[in-house]
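Shown next, in structure tokens, is the structure this report addresses.
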Amino acid sequence: MFAFRGLLLVALVAAAVQAFVSSPRSAVSVLSKGTYSASSKSALFAQNGPGLNELLAQNEDWADAVKAADPNYFPELSIGQAPRYLWIGGSDSRVPVELITKSDPGHLFVHRNIGNQALSTDPSFQAVLQYAVDYLGVEDIIVCGHYECGGVKAAISDHMLGDDLENWLVHIRDILSVNKATLDMIDDADEWQRRAVEFNVEAQCLKLWANPVLQDHARKNGKAPRIHGLAFDIKGGKLNKVGYDMLKLPYFSSAGGSKGLQLMQEEPNVTLQLGCYS
């Protein structure tokens, strides 16, 4: 109870500080009441501005148009989802997943973050991956980067970023460091960044392949979703395949502990099908 009250007090103080910037009276109101009420809405939530009103209007137009074309569309959509693909992409606003793949709602299960990273240390990513693989039964996993990637550019920048960004981008820096010899041979700046993006996609595919969620799924089911690497070309609008040709990777397990990934000799027929490497 005391912990809950402490958390509530912290939340109220944060809301009051935010509200004080625009309205000191609202801040005092929130703290003095000691609880959330209708009168403190202005302190906790911004009023609809022009930007939000525009989105709401566009949503209404879209929903009305869809219902006019197919009255059963939304009722059928609400029944449930059975996507074939898990899409792991970047957060860039110029890469709208459903639009560039001409996909309807329900076709793609999407996870996005800066640099389209597949980190097993990220609880959010792990939850998405497990849900997609073990419960939705996706058949294919796509890691999609994009050329002109802001995450890759930030990773090679000399500018100091915020702590959270620095901690997130260190993984991309490691990937570029591993591939430094190859990248150093590229003189053209545009080609360099394109190859850097591709190296990142390839590395994320390999991280997926070694992920405990896929390892466990493959061990229990004898197979796992195929993994594909793609890179979206913003300048041309096309998706390009990324990966090695004709490479079949055996199933590995992290059971070796400190020894790292160990080949599961006792289960030679269990493999992760890597679409981007075959």
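Using mature numbering (1 follows the signal peptide of the UniProt record, and there is no 0), the letters of the sequence shown map in sequence onto residues -19 to -1, 1 to 259. Ideal placement from N, C-alpha and C gives every residue a C-beta, glycine not left out.
Would you tell me roughly how many angstroms separate the C-alpha atoms of residue i and residue j, rounded to the nearest one?
i	j	result
L33	P104	30 Å
P206	Y66	9 Å
F233	G218	Bear in mind that the predicted position of F233 carries a pLDDT of just 45, short of 50, making it unreliable; the figure below should be weighed with that in mind. Cα to Cα, the separation comes out at about 36 Å.
L220	D214	6 Å
T163	E41	50 Å
I167	N181	16 Å
W43	L36	10 Å
D53	E120	Going by the sequence as given, residue 53 is Asn instead of Asp. When rounded, the distance between both Cα atoms is 27 Å.
V151	D115	30 Å
A108	N202	19 Å
F106	H92	7 Å
A38	F90	26 Å
K204	G71	27 Å
D51	I60	16 Å
P77	A199	31 Å
D45	R75	26 Å
H209	L189	10 Å
D169	E147	27 Å
P193	S101	8 Å
K48	R154	47 Å
D165	H140	21 Å
Q196	P64	21 Å
K222	N29	42 Å
S138	K216	22 Å
K161	L110	30 Å
W149	E79	26 Å
Take the Cβ of residue i as the centre, count every other Cβ of all protein chains shown within 10 Å, and call the residue buried at 16 or more, exposed below.
i	result
D73	buried
A113	buried
F55	exposed
L187	buried
Q185	buried
G118	exposed
E57	exposed
V124	buried
Q62	exposed
R6	Residue confidence is low: R6 scores 48 on pLDDT, short of 50, so the model does not pin down where it sits. Its coordinate-derived value is still stated next. Answer is exposed; the Cβ neighbour count stays below 16.
H127	buried
P31	exposed
D145	exposed
Does DSSP put residue i in a helix, a strand or coil?
i	result
I95	coil
K188	helix
N202	helix
Y128	coil
G143	coil
H152	helix
I81	helix
K216	coil
G210	strand
D171	helix
A236	Residue confidence for A236 is low, a pLDDT of 40 falling below 50, so the modelled location carries little weight and cannot support an answer.
D51	coil
V76	coil
G32	helix
L100	coil
V223	strand
V119	coil
P64	coil
Can you check whether the CB of residue j is closer than 8 Å to the CB of residue i?
i	j	result
A212	V159	no
I122	I69	yes
G224	E183	yes
L157	A191	no
Taking 7 Å as the cut-off, is the C-beta of residue i nearer than that to any heavy atom in the ligand ZN?
i	result
L150	Absence of the ligand ZN from the depicted structure is noted, as is the absence of any ligand whatsoever, leaving it without description.
Determine contact between the region 166 to 177 and the region 74 to 91, defined as no fewer than three beta-carbon pairs at a distance below 8 Å. no
Given 8 Å as the limit, is there contact between the region 91 to 111 and the region 127 to 144, that is, 3 or more CB pairs closer than that? yes
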